[in-house]
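What follows is a single structure, written as structure tokens, with notes after it.
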Amino acid sequence: MPSSRILALLLLLAGVLVLPLIFPDPFFVRIVTEAFMWIGLAITWDVMAGYTGYLNFGHGAFFGLGAYATAILMVRAGWPFLLTLPVAGAFAGVAAVIAGVPTLRLKGAYFAIATWAVALAVQQLALVLEITGGPDGMRLPPFLHPQFFFYLMLGVTAGTFLLLWFLLERAPFGLKLKAIREDESGAMALGINPTKVKVQAFTLSAVPAGVLGGVYAYWITFIDPASVLADIITDQAMVMAVFGGLGTLVGPVIGAVLIFAFKTYFWAYLSDYQVLYLVILGGVIALSIVFIPDGLWGTLTGYARGRQALKKGVETGLSLNGSAKIEKKGGGENG
Amino acid sequence: MADPILRVDSVVKTFGGLHAVDDVSFQMEPGEIVGLIGPNGAGKTTLFNVISGYYAPTRGRVFFKGEDVSGRPPYDLAALGIGRTFQVVKPFPGLSVLENVVVASFCRHPRKADAERHAWKVLELTGLDDRARLSAASLTLAGRKRLEISKALALEPSLLLLDEVVAGLNPTEADRTVELILKLRDRGISILVVEHIMRVIMSISDRVVVINFGRQIALGEPAEVAKDPEVIKAYLGEEAA
Numbered sequence: 001m002p003s004s005r006i007l008a009l010l011l012l013l014a015g016v017l018v019l020p021l022i023f024p025d026p027f028f029v030r031i032v033t034e035a036f037m038w039i040g041l042a043i044t045w046d047v048m049a050g051y052t053g054y055l056n057f058g059h060g061a062f063f064g065l066g067a068y069a070t071a072i073l074m075v076r077a078g079w080p081f082l083l084t085l086p087v088a089g090a091f092a093g094v095a096a097v098i099a100g101v102p103t104l105r106l107k108g109a110y111f112a113i114a115t116w117a118v119a120l121a122v123q124q125l126a127l128v129l130e131i132t133g134g135p136d137g138m139r140l141p142p143f144l145h146p147q148f149f150f151y152l153m154l155g156v157t158a159g160t161f162l163l164l165w166f167l168l169e170r171a172p173f174g175l176k177l178k179a180i181r182e183d184e185s186g187a188m189a190l191g192i193n194p195t196k197v198k199v200q201a202f203t204l205s206a207v208p209a210g211v212l213g214g215v216y217a218y219w220i221t222f223i224d225p226a227s228v229l230a231d232i233i234t235d236q237a238m239v240m241a242v243f244g245g246l247g248t249l250v251g252p253v254i255g256a257v258l259i260f261a262f263k264t265y266f267w268a269y270l271s272d273y274q275v276l277y278l279v280i281l282g283g284v285i286a287l288s289i290v291f292i293p294d295g296l297w298g299t300l301t302g303y304a305r306g307r308q309a310l311k312k313g314v315e316t317g318l319s320l321n322g323s324a325k326i327e328k329k330g331g332g333e334n335g
Numbered sequence: 001m002a003d004p005i006l007r008v009d010s011v012v013k014t015f016g017g018l019h020a021v022d023d024v025s026f027q028m029e030p031g032e033i034v035g036l037i038g039p040n041g042a043g044k045t046t047l048f049n050v051i052s053g054y055y056a057p058t059r060g061r062v063f064f065k066g067e068d069v070s071g072r073p074p075y076d077l078a079a080l081g082i083g084r085t086f087q088v089v090k091p092f093p094g095l096s097v098l099e100n101v102v103v104a105s106f107c108r109h110p111r112k113a114d115a116e117r118h119a120w121k122v123l124e125l126t127g128l129d130d131r132a133r134l135s136a137a138s139l140t141l142a143g144r145k146r147l148e149i150s151k152a153l154a155l156e157p158s159l160l161l162l163d164e165v166v167a168g169l170n171p172t173e174a175d176r177t178v179e180l181i182l183k184l185r186d187r188g189i190s191i192l193v194v195e196h197i198m199r200v201i202m203s204i205s206d207r208v209v210v211i212n213f214g215r216q217i218a219l220g221e222p223a224e225v226a227k228d229p230e231v232i233k234a235y236l237g238e239e240a241a
């Protein structure tokens, strides 16, 4: 990364860090905390969808499993909160391995169907089990300290972002995932075991979602299947990632911020029309798939690179058509 | 004497009732180029898929450097040293040419910097280095076939399976690919070639295996095989023989 971009990133981080000091309004701190959470859910969902090419319709289940792990350990076993977070992550990770090993051996839609089914199963389990409190949910010991959750959520999401950035953009792992996305049987001929790599990716996407769920549970102090296992969690993370740009890390962050800001505004000022929010969400995803299949970020960077390639193309005598075509490619394949 | 690099022992592969490959046996010595020919649908690509682990043989066995590798998955075989190309080329279109080859280089060079260095070397050898930064989707057919070879080569294989890497190229491009194949052989890589263009296969192969309807009908030096009445019949029909 060029040093100017690192500087920009550090400035951004510093700005975010002092945010609650400048704007101590609890409502504002709360909104930003939740925005961090959605960023985390959107980027982890993108590990499978954007980088690996597999649609996970049950991402919310990992979030919910993490939330319940923390709640159960704190309420029923009296664990201190911070100790429950690794367990929440591990819980989600183990669930990903169990769901992933049989379904990720297969190519195509089986995985999508299976994740959807697993999410339903988890929902139903939480409803009927005694340890989860069934439909009544669970009440956690309250800890009313918005700043604490602000920094914790920021820490988990920023840590996840850095980990994913390193693994997906710097380490060999990311290229292997993209190779599988582009051509699974071709990747096999190059020494890549797709099932193994896909299960690793799935686990990588599940663990942080579980941790986020754990933090959320303690923050909100009350969870039930209708809140932490709702379909809308997966749906919203998907829309954020698709709208922002699949197969990148920055894209889902931008998507999460914009869509969450919109949602907050909508619910704050137009709460009479809450139902409309879902309609608009559906509209946004449909329109962005049709008009900006690479998402906001993918389209912007694609446009910038296209201009560059066009300039270079003139210099090296490449045909304009050819270089424009190169830039057209990319995320389009994953849709 | 050392084990043959590849030994195909009475391999049969059936799909339902169809015998796609029916009792084929041959072996390859290190540094040898063997041509695998036969009319369309003879089972050449199926045999390739069996050798490279995409299909398990229904019967018979495949030995690589003396080790029974029948039914082992492709990624294991790639790690052992079998590289292959695909007749229907399989570039990773969303990745750059360099990234395509880097992915394959991870097999021997797990560190990214090493893999990149190695990939550049391979691209220089195959003559794609000037297009390394372009998207693989932007390559012409000739470029894509070259990329196929580059990816297989990046595995540092001791056995290379080339499935129609010359077909569809213009004469200049074809000559360059033939040159490349010979260069690879001189580096000690054993090469099994499937090709339809007789001029190419007859000129580069040390020996030729001919199959028709899955059955092996001839095996020998190119000149002998070309005179074999069974082979002529398979290619030209009853009358000509």
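Note that the protein sequences, when read in sequence, are chains R and W. Be aware that the first sequence starts at 1, since it is given in the working numbering, and climbs by one per residue. Be aware that the second sequence starts at 1, since it is given in the working numbering, and climbs by one per residue. Cβ coordinates follow ideal geometry from the N, Cα and C atoms, glycine included.
Here the C-alpha atom of residue 118 of chain W lies approximately 48 Å from the C-alpha atom of residue 81 of chain R.
Residue-level contact by beta carbon holds for residue 191 of chain R and chain W, with a gap shorter than 7 Å. Between residue 112 of chain R and residue 57 of chain R, the gap from beta carbon to beta carbon is short of 7 Å. Around the C-beta of residue 265 of chain R, fewer than 16 other C-beta atoms lie within 10 Å, and the residue is accordingly described as exposed. Non-local C-beta neighbours of residue 13 of chain R in its own chain, meaning closer than 8 Å and more than five positions away in sequence, comprise 158, ordered along the chain. Secondary structure at residue 205 of chain R: helix, using DSSP grouped into helix, strand and coil. DSSP links residue 26 of chain W through a beta bridge to W:8.
Between the region 178 to 187 of chain R and the region 84 to 104 of chain W there are three or more C-beta pairs closer than 8 Å, enough to call the two in contact.
For the 7 Å CB-CB criterion, residue 109 of chain R and residue 206 of chain R do not form a contact. In this structure residue 244 of chain R is buried. Its beta-carbon is surrounded by 16 or more other beta-carbon atoms within 10 angstroms. Among the residues facing chain W, residue 186 of chain R is included, as its CB has a counterpart in that chain under 7 Å away. Chain R has a Cβ within less than 7 Å of the Cβ of residue 103 of chain W.
Taking a Cβ-Cβ threshold of 7 Å, the residues of chain R close to residue 75 of chain W are 188, 191, 192, 193, in chain order. Residues of chain W whose Cβ lies closer than 7 Å to the Cβ of residue 183 of chain R are, in chain order, 90, 92. For the region 140 to 173 of chain W, the set of residues with a beta-carbon nearer than 8 Å to any beta-carbon of chain R comprises 151, 152, 154, 155, in chain order. Residue 64 of chain R is positioned such that its CB atom lies closer than 7 Å to that of residue 228 of chain R. By the CB criterion at 7 Å, residue 247 of chain R and residue 297 of chain R fall outside the cutoff.
Going by DSSP, residue 149 of chain W is part of the alpha helix (DSSP H) stretching over 141 to 154.
Beta-bridge analysis with DSSP links residue 18 of chain W to W:15.
In this structure residue 204 of chain W does not touch residue 194 of chain W by the C-beta definition: roughly 12 Å separates them, more than the 8 Å allowed. In the DSSP annotation of this structure, residue 186 of chain W is not part of any beta strand (DSSP E); the continuous alpha helix (DSSP H) holding it starts and ends at 171 to 186. Residue 162 of chain W and residue 305 of chain R have their alpha carbons spaced roughly 35 Å apart. In this structure, DSSP gives residue 35 of chain W an extended state, which the three-state scheme calls strand. By the C-beta density criterion, residue 145 of chain R is exposed, having fewer than 16 other C-beta atoms within 10 angstroms.
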